[in-house]
């Protein structure tokens, strides 16, 4: 459950990142891309959530049935 919430949270963080659109005829090319924190935290949260979801699903599937 925590993994699924982390995946959803990561997607929300990525989608809520402010993006400026526009047309620039001759935009100068910068050698360094400026990263905002959402560009880093969002994908990391999604990956950690996916790992937790996979681990939880594995442990849930490994439970032996008594009977």
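Numbering (the working numbering), first residue to last: -6 to 60. C-beta atoms are modelled at their ideal positions from N, C-alpha and C, and glycine is treated no differently.
Asked	Found
I'd like to know whether the C-beta atoms of residue -4 and residue 46 end up nearer to each other than 8 Å.	yes
What are the boundary residues of the alpha helix (DSSP H) that includes residue -1?	-5 to 8
Between residue 10 and residue 50, what straight-line distance do the alpha-carbon atoms span, to the nearest angstrom?	30 Å
Can you name, in chain order, every residue of its own chain whose Cβ lies under 7 Å from the Cβ of residue 41, other than the five neighbours on each side?	-1
Give me the residue from 39, 43, -6 and 27 with the minimum Cα distance to residue 8.	39
Leaving out the 5 sequence neighbours to the left and right, which residues in its chain are closer than 8 Å to residue 36 when beta-carbon positions are compared?	3 and 7
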